[in-house]
Every structure is written in C-alpha cells, then in structure tokens.
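K.L.:
Just passing along the structure, written as structure tokens.
Protein chains in written order, with the working numbering: chain A, 1 to 200; chain B, 1001 to 1200.
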C-alpha cells in the first residue's frame, strides 16, 4: 500500500529489499530513520556509499578489503603456508572473532550448487588455483558449512584442486554443538557424531 | 568484533542501530548492500537522505507529509468534522489500507506514559487543542492501542480535551480478533469481549 508521502514510500521500499525484512519491519526502520536527527540519517547514507566505494576484494585471498592486499594477508606474523577455505567474508569474521587461527584465508564467495546452476567457475576457484601455483601454501583447511553445497564444494576443491598439488587437506569436524543437549541434535548430526567419535 | 575493513564495520554498525536488528542481521544487510551494484547502494542512501529532507509534519494533523498540509487534510472529499486520534503515522497507514474511514486524523506522535516520564506536553496535545479551538471538529474517534499507555492517553484526551469542548467521543472496540479461535485469546481479552458483548 502506498502512503500519501512518496519519499517515505521510497524509503520503506528500499528497506524492504534488505534480506529478511518484510513490510512491517521496513516501516519501523523508515520511521526510526525519520525520528533521528538529520546528521544521523546522513551518516547512515554515507556509510552505505562509502563502504561500497572503498571495499574491493583482496588480490590474494578474495576477502573484502579496503586495500589491494588485505590486512590478514599482509600480516607478516601470520603463517602464510596454511589457508582456511571459507564460503564468505562473514566466515572470516567468525574465525577472527575466535582469534585462535593464525594462518591465512581463501574466500570462495559462494558454493558449488548444480541445482542453482552455480558451477566451479562462478566462485573464486581460479584465484585459488593461481594462488596455489604461485605461493607456498602447504596446508588447506576446508571450512565450508555442513550443507549439501558446502560438502560438494569441499569435495570438489579437495579432489580437483588441492590433492593433485600435494597440499595437505583437512576439514572442520562435525558433531554435537558445544553446550547443546543430545535431545536437540537431529538424526543426521547424531549419526555423524557417532561415526566420527574419538578415543577418550 | 571489528573486522579488518573499517568502512564495512561502520556500515554494519549503522544497520545495527535500526530497531530489531542485531549483529548478525546487520552483517547480512551490509553484505547484501555490498553485493548490489553501486547505483543500487546509491539509491538506497539517497532514499534515506531525501526522505529526511522532504518529510515534515502536516500543520493540521501532525502526520508525516511532504507538503505544509498533508493530502488527507487537503482532500475536500473527506469529512473534516470527524478526526481519528492515533499514536503514530503507521496507524494512519493501517487505517488508509482498510480504506473505509473517510474522516481526517490526528497523530499524537507518542502516548502518555508517566513511568517513562512522557506527559501530555511531550505528545501533540497542544496541536490538537489548537485544531479543536479553530476548526469545526464535531466527532473524535480514539484509536490508540489496547495497552495501558494507549488507554491512559485515550482517557486523558477524552476527559481533559474533547468532552469539555462538547465533542462527541468514541473508542475503537476491543475483543477477540477476527479469524482467531477462543483458545488463543488471553484472559483479559476474553473478559473484555464478554463485558462488551453486543445484542445478536
């Protein structure tokens, strides 16, 4: 429904395009923005444009970066012989939040998904190949999600890209999430946790 | 946590300020914006600034408007002797979506809430008084929500503002929502539905 205020309608429409945002939430957001002082709205608008202008992909790992080579890749304290292969920049953020991992990353920007017509060429495979062929990567950790696409991508990268180049490959472990009760684990997770059980 | 991309952090921070948006949703939104072409991001930013610049309050009903007097108040086909008193511009949108009501509105921009230190002066009471004293309003529909604050505001406006001026006052009905089963109605609603029962 359109209100009697065209620029409000346009603003609501823009918020509605955001992922996970329906009409009601978009309205709430628009009214929130209007209730703020003009400078705050301007800051918000500037953040959108500035981020878009400044951010590109790191020429080494394909993660988002404001510089040609991202701070992680250019950090001499990090182990550049190990890369952690992830689906998206969000995953890099998650690992960096944990803070334990000291190697580099490779961001695929997607997963192979034949059903959606996304093949290896649509994700950052060729950048990975170029990197492996020119650099000194010795070990790769496959850190895609525990979904069909995550698994398919991990298998493809391991078998077609990493193993033929003699790179040591590992995969994140699957199982019961820490802090969770068994009753909440689904069958597939339980099955996997049983199959991958470790000596105690 | 701060990533290694300052302008991305700033964008996520801005999205996080929106109502109902946590860290994860803000990240999703930021990545969505970055995944769009630059023109789309610019359109989004422009919508924010333009809406803020263009929108003010209608000098008659206090609803948001791009003009001095909003389209509803300046529509000669509408009955300007009846006003519907609502909490926010969102409520006007809801009524207009229904399309049945042909009178005008008065937007309070808040509700009286002594616990939050919001008294009658903090909402658009004085604009309502000025309007009643200068115009030809004969009837008012109190359409604030069925909450303590909505009720308190309705009682205050009815007793202090409307009735002393001889204006006919009504209130939205309360009861079981249409399409809902009795089993889902809470006790207070059921009690009210029983008390306000109508001859059949």
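Think of the CB as a built atom: it goes at the ideal place given N, C-alpha and C, for glycine as much as any other residue.
In three-state terms, what does DSSP make of residue 1025 (chain B)?
P.N.:
Position 25 of the second chain holds residue 1025 (chain B). Residue state, collapsed to three classes: helix.
K.L.:
Please give the ranges of any beta strand (DSSP E) in the region 73–130 of chain A, keeping only runs that are unbroken, at least 3 residues long and fully inside the region.
P.N.:
Runs of the beta strand (DSSP E) inside the region 73–130 of chain A: 79–86, 103–107.
K.L.:
Quick one: is residue 10 (chain A) near chain B, going by C-beta distance under 8 Å?
P.N.:
As a working mapping, residue 10 (chain A) is identified with position 10 in the first chain. Yes, residue 10 (chain A) lies at the interface with chain B (some Cβ there is under 8 Å from its Cβ).
K.L.:
Here's a check: name, in chain order, each residue in its chain whose Cβ is nearer than 6 Å to the Cβ of residue 193 (chain A), leaving out the five neighbours to either side.
P.N.:
Taking the first chain and counting its residues from 1, the one referred to as residue 193 (chain A) is at position 193. Counting only Cβ-Cβ distances below 6 Å, and skipping sequence neighbours, we find 175, 176.
K.L.:
Short of 7 Å in beta carbon distance, which residues of its chain neighbour residue 196 (chain A), apart from the five on each side in sequence? Order them along the chain.
P.N.:
For the purposes of this step, residue 196 (chain A) is taken as residue 196 along the first chain, with counting starting at 1. So the list reads 173, 174, 175, once near-sequence residues are dropped.
K.L.:
Distance check for residue 110 (chain A) and residue 87 (chain A), CA to CA, integer angstroms please.
P.N.:
In the first chain, the residue the question calls residue 87 (chain A) occupies position 87. In the first chain, the residue the question calls residue 110 (chain A) occupies position 110. The straight-line gap from Cα to Cα measures roughly 5 Å.
K.L.:
Rounded to the nearest angstrom, what separates residue 1170 (chain B) and residue 1057 (chain B) at their Cα positions?
P.N.:
Mapped onto the second chain, residue 1170 (chain B) falls at position 170. Mapped onto the second chain, residue 1057 (chain B) falls at position 57. Going from the Cα of residue 1170 (chain B) to the Cα of residue 1057 (chain B) covers about 25 Å.
K.L.:
Taking only beta carbons into account, state which residues of the region 38–55 of chain A come closer than 9 Å to chain B, listed in chain order.
P.N.:
Residues 38, 40, 41, 42, 43, 44, 45, 46, 47, 48, 49, 50, 51, 52, 53, 54, 55.
K.L.:
Could you please give the first and the last residue of the uninterrupted beta strand (DSSP E) stretch that includes residue 142 (chain A)?
P.N.:
Mapped onto the first chain, residue 142 (chain A) falls at position 142. Its beta strand (DSSP E) spans residues 139–142.
K.L.:
Would you say the region 1010–1030 of chain B touches the region 49–67 of chain A, given that touching needs at least three Cβ pairs under 8 Å?
P.N.:
With a cut-off of 8 Å, the region 49–67 of chain A and the region 1010–1030 of chain B count as touching, because enough Cβ pairs lie within range.
K.L.:
Look up residue 1169 (chain B) in the DSSP assignment and give the residues it is bridged to.
P.N.:
Here residue 1169 (chain B) corresponds to residue number 169 of the second chain, with the count starting at 1. B:1140.
K.L.:
Is there a Cβ from chain B that is less than 8 Å from the Cβ of residue 1 (chain A)?
P.N.:
Start at 1 with the first residue of the first chain, and residue 1 (chain A) comes out as number 1. Residue placement at residue 1 (chain A) is flagged as unreliable, the pLDDT there being 46, under the threshold of 50; a coordinate-derived value is accordingly withheld.
K.L.:
With a Cβ-Cβ cutoff of 8 Å, do residue 139 (chain A) and residue 81 (chain A) count as a contact?
P.N.:
One-based indexing of the first chain puts residue 139 (chain A) at position 139. One-based indexing of the first chain puts residue 81 (chain A) at position 81. Taking 8 Å as the Cβ cut-off, residue 139 (chain A) and residue 81 (chain A) qualify as a contacting pair.
K.L.:
At a CB-CB cut-off below 9 Å, which residues of chain B make contact with residue 70 (chain A)?
P.N.:
The sequence position of residue 70 (chain A) within the first chain is 70, counting from 1. Chain B residues near residue 70 (chain A): 1004, 1005.
K.L.:
Output the distance between the C-alpha atoms of residue 101 (chain A) and residue 137 (chain A), rounded to the nearest integer angstrom.
P.N.:
In the first chain, residue 101 (chain A) corresponds to position 101, counting from 1. In the first chain, residue 137 (chain A) corresponds to position 137, counting from 1. Distance between the alpha carbons of residue 101 (chain A) and residue 137 (chain A): 15 Å.
K.L.:
Please list, in chain order, the chain A residues whose beta carbon lies closer than 9 Å to that of residue 1031 (chain B).
P.N.:
The residue labelled residue 1031 (chain B) in the question sits at position 31 within the second chain. Here the neighbours are 19, 64, 88, 89, 90.
K.L.:
Do the region 1125–1132 of chain B and the region 1152–1165 of chain B meet, that is, are 3 or more Cβ pairs less than 8 Å apart?
P.N.:
Verdict: yes, contact present.
K.L.:
Which stretch, first to last residue, makes up the alpha helix (DSSP H) that contains residue 1010 (chain B)?
P.N.:
As a first step, residue 1010 (chain B) is located in the second chain; it is residue number 10 there, counting from the start. Per DSSP, residue 1010 (chain B) belongs to the alpha helix (DSSP H) from 1006–1016.
K.L.:
Identify, in the order they occur along the chain, each residue of the same chain with its Cβ nearer than 7 Å to the Cβ of residue 1120 (chain B), setting aside the five sequence neighbours on each side.
P.N.:
Translated into the one-based positions of the second chain, residue 1120 (chain B) becomes position 120. Answer for residue 1120 (chain B): 1112, 1156, listed in chain order.
K.L.:
For residue 28 (chain A), go through chain B and note every residue whose CB falls closer than 7 Å to its CB, in chain order.
P.N.:
Here residue 28 (chain A) refers to the residue found at position 28 of the first chain. Within chain B, the residues near residue 28 (chain A) are 1019, 1020.
K.L.:
How is residue 1134 (chain B) classed by DSSP in three states: helix, strand or coil?
P.N.:
Residue mapping note: residue 1134 (chain B) aligns to position 134 of the second chain, counting from 1. It is helical.
K.L.:
Measuring straight from C-alpha to C-alpha, what distance separates residue 1133 (chain B) and residue 1075 (chain B)?
P.N.:
Within the second chain, the letter at position 133 stands for residue 1133 (chain B). Within the second chain, the letter at position 75 stands for residue 1075 (chain B). Taking the straight line joining both Cα atoms gives about 21 Å.
K.L.:
Taking only beta-carbon positions, decide if residue 25 (chain A) is within less than 8 Å of chain B.
P.N.:
Within the first chain, residue 25 (chain A) is the residue found at index 25, counting from 1. Yes, contact with chain B.
K.L.:
By the DSSP assignment, the alpha helix (DSSP H) with residue 160 (chain A) in it spans what residues?
P.N.:
Reading the first chain from its first residue, position 160 is the one you call residue 160 (chain A). Residue 160 (chain A) -> no alpha helix (DSSP H), and no H or E assigned at all.
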